[in-house]
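Numbering (this note's numbering), first residue to last: 50 to 634. Virtual Cβ for every residue (Gly too), placed ideally from N, Cα, C. Since we're looking at a predicted model, the values are computed, not measured.
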């Protein structure tokens, strides 16, 4: 068992759990056949696997035995830490050129070029970046000698720098005829300030437009748009061509990460088995696998980073359960837990509302007023009534919640579908809030939430007390419940099923806790699972004198929304109505 799935880029030694090898191999083939210079952009949101793909491209194109290309790897975010934009650009250029020079077997040639390039950097630098040029080891002492007669023309600086880099690259390739060129891997451009990322793109285009050079960039078109706003203003239909033209000028081949084609099911099965959240036998249940896939599709989607956070949260929940010696959860409870953690990661605003009001089907105008949600227009009301996702009052509140954020407004249908899926899994609207609250308790420990008022102290449902009954100490609530029922039947051998439910009645529908075995079998055959009862056999049942056989639910929450839950109500009834003595110890 593992406790975590680490969020680091995939290397060539790891399995292809997302099924992108066909895309990877096609890119490798393309690079090997392409003319140069060329720039390829790996596009995708943060966490979509761009760095992992670049790792695999580097291994296959540059690191394997007999590879045809030299690798240059630059993590732009690391070069930008605690640096001004000007310093960052100088640092990145220096990092690239140092890697080129260190690959040149002609040490004298590199030392000569290093001095000239250092002078060019000093010539180009602002007052702030002159200090950097000296600190990073560039020899700037010859700047006056090198440029004594060149004048102060920026274009000549760029041309001189490009010429020196071209010589270094040509010299390296001349010494190794098996090499076809250099591949520059520029990573994490989407982690730095967008305008700076655009500046870096322009600089690389102007300086490294050199034969035998291939640039592979990890960036997203959205970052380019943000970076160009100072130049073109907000993106509109009228100026969209200007934004696109800039991108096309820099990038010759855009490649969008194929997240829609990721084999999420394979990754989830592997990850959930590794952390022992589901057993291999449970994961063999086709219905469970389908539900997991549907829930992840409606929430975290196919983003590898979100999926890893999901797995790690579930792992911690499992470990907390074991430390608390909690009863083993059945598939239904695990599935609800999975869905709520997905909600936490994908839709934190909705998740935070669930922590306040777990019974989401009771969300009404009072809740909407508390959240200061705007009212629906008559046109919106009519449109929502025509949809299956928003035709109920609580679903309309969900729709209004989603209008608070642009991201949520674009995912409103998925949010509604996910909540309806949770309701379907629980299968009992009367217990919806109770079950959601009981499940939310543990996932709350990994919730990110900023509080501008004192944080509400929640009385957790988890009961870690032991209980003594008839001289025996019970650490698990369900064992105590079984013992009390068994003792009651012994004391009342002729009791009927209806009388038993009446004597233990703590809610109107006691069938939700004491179910006839024939009803249990019928529901199990129809649905494949009976929520909150788990898989039972006749040996797990209680039999009365009239041959009636019934099973007892496994889910006994201590509190619900700060009020006594089923377990505490059961204890109270047992002590008051039956006179049994149960002590907390």
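- Within its own chain, the residues whose Cβ lies closer than 7 Å to the Cβ of residue 85, once the five positions on either side in sequence are excluded, are 230, 260, 261, 262 and 263, listed in chain order.
- Residue 336 sits exposed, since fewer than 16 C-beta atoms from the chains shown fall within 10 Å of its C-beta.
- As computed with DSSP, residue 563 is found in a beta bridge with 601.
- Taking the C-beta atoms as reference points, residue 324 is found nearer than 7 Å to residue 364.
- Residue 253 sits away from residue 90, with the two beta carbons spaced by 7 Å or more.
- Residue pairing by DSSP places residue 208 opposite no residue, since no beta bridge is assigned to it.
- The continuous beta strand (DSSP E) containing residue 517 extends over residues 516 to 518.
- Take the alpha-carbon of residue 238 and the one of residue 453: they are about 29 Å apart.
- Sequence-distant Cβ neighbours of residue 340 in its own chain, meaning closer than 8 Å and more than five residues away, are 384, 470 and 474.
- Close CB contacts of residue 221 within its chain, under the 6 Å cut and outside five residues either way in sequence, are with 152 and 153 (chain order).
- At a Cβ-Cβ threshold of 7 Å, residue 409 and residue 232 do not count as neighbours.
- In this structure, the straight-line span from the alpha carbon of residue 219 to that of residue 228 is close to 11 Å.
- In the displayed model, residue 223 falls within a helix according to three-state DSSP.
- Secondary structure of residue 592 (DSSP, three-state): strand.
- With distances taken between CA atoms, residue 386 lies nearest to 359 out of 405, 412, 285 and 359.
- The segment 108 to 117 makes no contact with the segment 208 to 219; the number of CB pairs closer than 8 Å stays below 3.
- Where residue 236 is concerned, the enclosing beta strand (DSSP E) starts and stops at 230 to 236.
- Check the Cα spacing between residue 72 and each of 162, 235 and 101: the tightest is with 101.
- The C-beta of residue 519 has fewer than 16 other C-beta atoms within 10 Å across all chains shown, which makes the residue exposed.
- Residue environment: residue 522 is assigned as exposed (fewer than 16 neighbouring CB atoms within 10 Å of its CB, all protein chains considered).
- When only Cα atoms are considered, residue 123 and residue 108 end up about 15 Å apart.
- Bounds of the beta strand (DSSP E) holding residue 262 are 262 to 267.
- Close CB contacts of residue 158 within its chain, under the 7 Å cut and outside five residues either way in sequence, are with 220 (chain order).
- Close CB contacts of residue 413 within its chain, under the 8 Å cut and outside five residues either way in sequence, are with 442, 443 and 446 (chain order).
- Going by DSSP, residue 128 is part of the alpha helix (DSSP H) stretching over 125 to 129.
- Within the same chain, Cβ atoms closer than 8 Å to the Cβ of residue 532 are found at 518, 519, 521 and 523, the five residues on either side in sequence being excluded.
- DSSP places residue 632 in the uninterrupted beta strand (DSSP E) bounded by 631 to 633.
- Taking a cut-off of 8 Å on C-beta distances, the segment 338 to 355 touches the segment 391 to 404, as three or more cross pairs fall below it.
- Around the CB of residue 326, 16 or more other CB atoms lie within 10 Å, so the residue is classed as buried.
- Residue pairing by DSSP places residue 479 opposite no residue, since no beta bridge is assigned to it.
- Around the CB of residue 449, 16 or more other CB atoms lie within 10 Å, so the residue is classed as buried.
- Just measuring C-alpha positions, the residue of 155, 593, 420 and 612 sitting nearest residue 487 is 612.
- The beta-carbon distance between residue 282 and residue 246, rounded to whole angstroms, is 18 Å. This is too long to meet the 8 Å contact definition.
- With 16 or more other CB atoms across the displayed protein chains lying within 10 angstroms of its CB, residue 213 is buried.
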